[in-house]
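Going letter by letter, the sequence shown gives residues 162 to 637 in the numbering used here.
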Amino acid sequence: MRRRQFLSLLAAAPSAVLISQCRGTSRRNGWQRAKSQNGLLELTLQAKQRSVSLGNQSARVLSYNGQVPGPVLDVKAGDRVAVTLDNQLDTPTNLHYHGLHISPDIDNVFHEVAAGEQYRYEFDIPSNHPTTTGWYHPHYHLMTAQQVFGGLAGPLIIRGELDEIPEIQQASEALLLIQDFALNDQNEPLQPHPLAERWGREGNLLLGNGQQNPIIELPQNGLLRLRLINASASRIYQLQLLEHPWHLIATDRGAIAEPVELDNLILSPGERVELLIPGDREPGDYVIKSFPYERGTGEMMAAFGQSVLQMPGITAPNEQVIATLRYERRARTEPLTLPKKLLSVEPLPSAQHQRQFILNHGIDYEAGSTGFTINEKSFMMGRVNTRVSLGDTEDWTIINKASLAHPFHLHTNRFQVLSRNGKPEPYLVWKDTVALAAYETVVIRVRFEDFPGKTVYHCHVLDHEDRGMMGILEIV
Ligand code: C2O
Ligand code: CU
Ligand code: CU
């Protein structure tokens with residue numbers, strides 16, 4: 162049960178500080194940043210397998226515009242976005258805007274962009290959209306894991322109210338998008354062993370912004386605002402900033418009420434956080450380290466013995482440095498302090514309906530399932546699993562009856578986490594993905610706002626999603 166402590170996103174305890182720098186991150190080759198201008202962001206994202214520099218080598222992986230991760234999309238609430246997806250892969254794909262509250266008719270994961278075709282996504286970001294660190298990635302059923310693990314992912318920043326807070330305006334800013342890769346002898350993404358597809362494929366090569374241990378500058382006496390995105394297909398990170406404090410200021414879908422100092426940060430696939438790191442320690446280098454997280458495969462690995470580590474897509478647990486925060490020595494004379502208050506998180510009204518979602522491993526013959534279920538059903542194209550009314554608030558009890566961790570993700574609307582294993586959460590957060598370790602139960606509250614249509618919820622271990630751990634939600 163110690164695991165549980167880790168699991169909660171924010172096991173509060175004093176410890177380390179973090180990284181960041183202003184507008185951009187140290188990347189040798191320049192990371193394309195597409196920023197909206199006069200309320201419009203227009204660009205083409207070409208998905209293609211290409212040779213890119215990845216860590217300390219060159220690899221033929223899946224890229225957007227020849228970059229891994231893909232370009233940073235940087236927009237404001239109220240902006241119009243027009244993204245043309247140019248599919249130069251040899252398989253169908255599409256785009257999902259993870260973290261955006263827009264119509265599911267546009268952010269439509271059922272849409273197919275065939276190989277060789279283009280498709281234009283055009284939408285307005287609501288003017289009251291919460292300040293969010295999101296990301297975009299393919300969501301084409303049965304290929305999501307393969308395409309994301311191949312490298313397809315990029316950051317999506319929505320600026321808004323949180324950016325108006327003076328201390329945040331003065332902070333320098335950095336992004337850290339974390340991916341893991343497993344390459345074959347040709348330096349291409351390898352085909353995982355069927356067992357790895359079942360557990361969720363992982364790779365040994367852990368990269369931040371496509372680099373091995375990137376340096377992020379932390380202004381001495383200043384503040385660094387660091388956005389972390391877990392864009393891995395399956396890997397759950399347990400992160401610490403060693404010997405330095407870091408403070409949580411926002412979760413998946415927006416700010417929290419006030420900064421909270423973190424120790425251990427558990428980040429499941431799909432989850433994001435924003436942190437503030439004060440440059441008030443002894444100047445030097447401080448590392449963000451990834452520690453093994455037990456997501457339920459440990460016992461099975463032990464049962465298999467060493468041989469399991471020969472299977473492509475299965476890795477031994479180990480520790481690795483993800484990034485280094487380096488003090489920038491241009492010291493400010495006036496130290497910047499953390500803001501006392503961020504944005505209040507209004508509790509959602511009490512719910513009109515309660516529902517249960519049971520995550521488990523099993524068979525749904527009708528769906529021709531490969532073994533992962535929600536309420537005993539596997540995903541079936543066109544089959545609505547849950548129908549709700551626009552404007553309603555509902556409490557969803559999500560019960561993980563399985564021996565593996567299953568991070569639960571809902572599209573379109575954000576939610577608040579009410580309790581975990583019967584214990585109320587210490588403070589309110591806005592989320593769209595919530596971690597569930599083996600046998601955990603979480604209660605979330607969600608209001609279906611603004612957009613009717615068909616959307617989805619699923620496990621964000623993408624192999625599980627592809628193997629059926631997904632349901633269709635119709636908002637009417
Ligand atoms: Cu980031 Cu449906 O996913
Ligand atoms: Cu999503
Ligand atoms: Cu899962």
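Where is the CB? At the ideal position from N, CA and C, for every residue including glycine.
query: Which partner residues of Lys501 appear in the DSSP bridge assignment?
result: Partner(s): none; Lys501 has no beta bridge.
Collapsed DSSP secondary structure at Leu426 in the structure displayed: strand
message: Would you say the beta carbon of Ala567 is closer than 6 Å to some non-hydrogen atom of ligand 3?
response: First, the amino acid is wrong: residue 567 is His here, not Ala. Indeed, a heavy atom of ligand 3 lies less than 6 Å from the Cβ.
field: Residue environment, Ala392, which counts as buried when at least 16 other CB atoms sit within 10 Å
entry: buried
message: Is His619 close to ligand 2? I mean its beta-carbon at under 6 Å from any heavy atom of the ligand.
response: no
message: Quick check: the Cα distance between His620 and Arg493, rounded to an integer number of angstroms?
response: This sequence places Cys at residue 620; His is not what is there. Spanning the two alpha carbons is a distance of roughly 45 Å.
Span separating the alpha-carbon of Thr293 from that of Gly260: 7 Å
task: Go through its chain and collect everything with a Cβ distance to Gln513's Cβ below 7 Å, but skip five positions before and after it.
output: Asp553, Thr554 and Glu555
- prompt: Starting from Arg575 and walking both ways along the alpha helix (DSSP H), at which residues does that stretch end?
  reply: No alpha helix (DSSP H) contains Arg575, which DSSP labels as neither H nor E.
field: Distance CB(Gly383)-CB(Leu486) smaller than 7 Å
entry: no
query: The alpha helix (DSSP H) spanning Glu358 covers which residue range?
result: Pro355 to Trp360
task: Let me know the secondary structure DSSP gives Glu419 once reduced to three states.
output: strand
- request: Could you spell out the range, first to last residue, of the alpha helix (DSSP H) harbouring Glu460?
  value: Gly459 to Phe465
Three-way DSSP call (helix, strand, coil) for Leu256 in this model: coil
- request: Over the uninterrupted beta strand (DSSP E) stretch that includes Thr305, give me the two end residues.
  value: No beta strand (DSSP E) contains Thr305, which is instead part of the alpha helix (DSSP H) from Thr305 to Phe310.
field: Status (buried if at least 16 other CB within 10 Å, exposed otherwise) for Gln330
entry: exposed
message: Taking the straight line between their C-alpha atoms, what separation do you get for Gln193 and Val229?
response: 10 Å
message: Whole angstroms are fine: how far does the CA of Thr531 sit from the CA of Lys538?
response: 11 Å
field: Cβ separation of His408 and Pro420, assumed to be a contact under 8 Å, to the nearest whole Å
entry: 4 Å
- prompt: Residues with a Cβ closer than 5 Å to any heavy atom of ligand 1, in chain order?
  reply: His259 and Gly431
- request: Note down, in chain order, each residue of its chain lying with its Cβ closer than 6 Å to the Cβ of Ile326, except the 5 sequence neighbours on either side.
  value: Pro500
task: Name, in chain order, the residues that DSSP records as bridge partners for Asn561.
output: Leu520
- prompt: Does DSSP put Leu323 in a helix, in a strand, or in coil?
  reply: helix
- prompt: At which residues does the beta strand (DSSP E) containing Glu626 begin and terminate?
  reply: Run containing Glu626: none in the beta strand (DSSP E); it sits in the alpha helix (DSSP H), Leu623 to Asp627.
query: Per DSSP, what kind of secondary structure is Ile267 in: helix, strand or coil?
result: coil
query: Taking the beta strand (DSSP E) that Ile376 falls in, what are its first and last residues?
result: Ile376 to Pro380
message: DSSP has Trp296 in a bridge; who is on the other side?
response: His259 and Pro316
Boundaries of the beta strand (DSSP E) in which Lys209 is found, first to last residue: Leu201 to Leu215
- request: Under 8 Å Cβ to Cβ from Leu303, same chain only, skipping five residues before and after it: list those, please.
  value: Asp627
- prompt: Around the C-beta of Glu334, are 16 or more other C-beta atoms found within 10 angstroms, so that it is buried, or is it exposed?
  reply: buried
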